[in-house]
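For this note's numbering, count along the sequence shown from 1 and bump the result up by 3. Beneath this line is the structure, given in structure tokens, with notes to follow.
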Amino acid sequence: MTHAISTGDLGIHLSNSPFDEPVKLMSSEGGTRGSNKQEAFSSYNQWEKYSFVQIYAHFDCWTHARNQHKPLYTPKMWALIRKVFATQAGIDVSVLRIHDNGSDYYSDYSEGKGRGVFAARNFSKGELVHDGSLNTVFWNDGLRWKEFIVSLPPAMSCDVLEWSWIQKVGDEGWRICLNLNDSAFMNHGKAFNIAPIDNTSLEFYAVRDIKKGEELTYDYNIYITDWGLFGL
């Protein structure tokens, strides 16, 4: 297995914050990779044995989740997380061709929820609002997904733990899924205004007319995320 990736390995450096400091990991040679103020995993492969809940606890993601003032992602932050994924996958980041949907929706702060996603224009009932096939990445291996998590700066690790979900993707079977654009900030809503046709689809349609500036929400419960399917 390859070593987990730090932002230093990628040549990307942001301002000093929990969103840009790579996690300190132990390499197989006994040295450390990256640095931050958090306690390192006690051994390089310790994270390989961690469950979802244990990784969540390691990064204290409960505190992160309660923070209603986490930053919206800048293009530079999205570039970092996409490049970590591409490097792990062994592809050039340009191959991802993530669509940012700027003409359809944008991220902003939602009262009482923190970050959210809002309609950039009016949508009619039944109109396609979000096509996840243009910005979703997948894993069919829980260990590789964990490697991605621990390769990110700590706050991004928590974000990805919050944003990831499991679903059947078409006829391809179960996958761990992650949006790599602002759609990751979409919130749950009991009175949701967008929904997929079924729980294997990545396309979300307006269930009623939606006005420009209205927050876009969907029912999280449509996807029954069972981390045990991936040994997590």
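Beta carbons are placed, not taken as given, at the ideal position from N, Cα and C, and that holds for glycine. All values derive from a computational prediction rather than experimental measurement.
query                                                                                                                                             : result
Please state whether DSSP places Tyr59 in a helix, a strand or coil.                                                                              : helix
Ser110 by DSSP, collapsed to three states: which one?                                                                                             : strand
Tell me which residue opens and which closes the beta strand (DSSP E) that His67 is part of.                                                      : His67 -> not in any beta strand (DSSP E); alpha helix (DSSP H) instead, spanning Cys64 to Arg69.
Are there 16 or more other CB atoms within 10 angstroms of the CB of Trp65, so buried, or fewer, so exposed?                                      : exposed
Below 8 Å, can you find three or more Cβ-Cβ pairs linking the stretch 207-226 to the stretch 118-129?                                             : yes
State yes or no: is the C-beta of Phe88 nearer than 8 Å to some heavy atom of the ligand FAD?                                                     : The ligand content of the structure shown is nil, which means the ligand FAD is not present either.
Along the alpha helix (DSSP H) that carries Ala82, what are the first and last residues, could you check?                                         : Pro78 to Ala92
What residue does the alpha helix (DSSP H) around Ala122 start on, and which one ends it?                                                         : First-last for Ala122: Gly117 to Ala122, but that is the beta strand (DSSP E), not the alpha helix (DSSP H).
Express the C-alpha separation of Trp230 and Gly1 in angstroms, rounding to a whole number.                                                       : The displayed coordinates of the chain run from 4 to 235. Any statement about residue 1 would go beyond what the structure contains.
Which class does Val140 belong to by DSSP, given the choice of helix, strand or coil?                                                             : strand
Are the beta-carbon atoms of Asp3 and Tyr109 separated by less than 9 Å?                                                                          : Beyond the ends of the chain as shown, which are 4 and 235, falls residue 3; an answer cannot be given.
For Gly93, which option in Pro74, Phe151, Val120 and Gly105 has the closest C-alpha, if you only look at C-alpha atoms?                           : Phe151
Which class does Asn224 belong to by DSSP, given the choice of helix, strand or coil?                                                             : helix
Measuring only the C-alpha atoms, how far is Lys116 from Ala89?                                                                                   : 30 Å
Which residues in the same chain have their Cβ closer than 6 Å to the Cβ of Glu32, if we skip the five residues on either side of it in sequence? : Note that Glu32 scores a pLDDT of 32, beneath 50, so its modelled location is shaky; the value from the coordinates is reported in the next line. Counting only Cβ-Cβ distances below 6 Å, and skipping sequence neighbours, we find nothing.
Tell me whether Asp63 is buried or exposed, calling it buried when 16 or more other Cβ atoms sit within 10 Å of its Cβ.                           : exposed
Considering only DSSP beta bridges, list what Glu218 is partnered with.                                                                           : Phe121
Give me the Cα-Cα distance between Val56 and Thr203, rounded to the nearest whole angstrom.                                                       : 25 Å
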